[in-house]
Every structure is written in structure tokens, then in C-alpha cells.
Amino acid sequence: MERKMILLVEDNPDDEALTLRALKKNNIGNDLVVVRDGAEALDFLFASGTYVARDKHDLPQVVLLDLKLPKIDGLEVLRRIRANEITRLLPVVILTSSKEEQDRLNGYSLGANSYVQKPVDFDQFVGAVRQLGLYWLVLNEAPPR
2 MERKMILLVE DNPDDEALTL RALKKNNIGN DLVVVRDGAE ALDFLFASGT YVARDKHDLP
62 QVVLLDLKLP KIDGLEVLRR IRANEITRLL PVVILTSSKE EQDRLNGYSL GANSYVQKPV
122 DFDQFVGAVR QLGLYWLVLN EAPPR
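Taken in order, the sequence shown gives residues 2 to 146; the numbers are from the working numbering.
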């Protein structure tokens, strides 16, 4: 059985470390690719820039996308994911600390599959990651490739 890859798009080193700890604590051992800005996320997904040698058809099972990113913000990343034939069905979970109702509305309007606000408490965050992992990596049937 192939290992399902997770793409984490996160510019904050503390939130990245927190996510990695939460994945480990929940025994989610999937391959994890971490990119730290919106431009790098798009390069990874579309096999361009430093990722030009990557197979663009080898997509992650799920993208965990922060909104407040340098270079290209998360909503623009989502817009470009949905505009591309290869990635338009890719599951994207917005994982952000934003409490802005407009961010949630914009995320869903652009085709986000889910919007999760990062809990401040580590135990709550571990629980949220457990549920995300269970749903997106075990229960969810991805679209055919």
C-alpha cells in the first residue's frame, strides 16, 4: 500500500513544530512535505522551480494550508490549485489561526474542503490533528487519479 503524503504549508516555525509534534503524538507517520511560503507550495504542487524534477502527478493526499503566508497568500494558493486541471480536486484543509469570518467565507468560496482554526491549547490541537488524520488519511476516498 502506498504511503499517503501530506503537504504542510506553514511559515511559522513554532506552528510547524507544533503540527509535527501533534502528528507524531497521533502516530501519523505519513510522508510529510513542509513548504514555508505560498510560492514554494505552488512550485511543489506544479513541479516547478526547485521541484522541477518532481512528478507533478504524485500529489499529496491532503494539503494543510495556512492563510497568512509570505510571497503568495494562502487564498491565492488555493485559487491556483482549483484553477489547474491536475490539482483542482486535491483536498485542501485551511489550517489557520485566523478568526476572521471573511477568511472562512473566502476559503470556502475558493473551494477549500475544510477550514480548521488552530486551537491555542496543545492538547486541543493534538485532538484536531488526530481527527484530521483519521478523516483525510483513513476514511476519505480521494478522487481517482
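Using N, Cα and C, we set each Cβ at its ideal position, and we do this for glycine too.
Buried or exposed by the 16-neighbour rule on C-beta atoms within 10 Å, applied to residue i
i	result
T20	buried
L36	Looking at the sequence shown, residue 36 is not Leu but Val. Flag for V36 reads buried.
E11	buried
D15	exposed
A54	exposed
T51	exposed
L140	exposed
F123	exposed
V121	exposed
Cβ shell of residue i (< 7 Å), same chain only, five flanking positions each side left out
i	result
N107	L76
L90	P144
M6	N31, D32, V34, P61, Q62
Neighbourhood of residue i by C-beta, 6 Å cutoff - its chain only, sequence neighbours within 5 removed
i	result
A40	K72, I73
S115	V94
G112	R83
Spatial distance of residue i from residue j (CA atoms)
i	j	result
V34	L65	10 Å
Q125	V117	12 Å
K100	P144	30 Å
D38	G134	23 Å
K57	A18	27 Å
L60	N31	13 Å
N27	R131	6 Å
Where the beta strand (DSSP E) through residue i begins and ends
i	result
T97	93-97
L9	7-10
N116	Correcting the residue type first, residue 116 is Tyr in the shown sequence and not Asn. Element bounds for Y116: 115-118.
Span of the alpha helix (DSSP H) around residue i
i	result
L140	Premise fails: L140 is in no alpha helix (DSSP H) and is neither H nor E.
Cutoff 8 Å: residue i Cβ touching any chain C Cβ
i	result
S110	Of the protein chains in the structure, only one exists, and it is not chain C.
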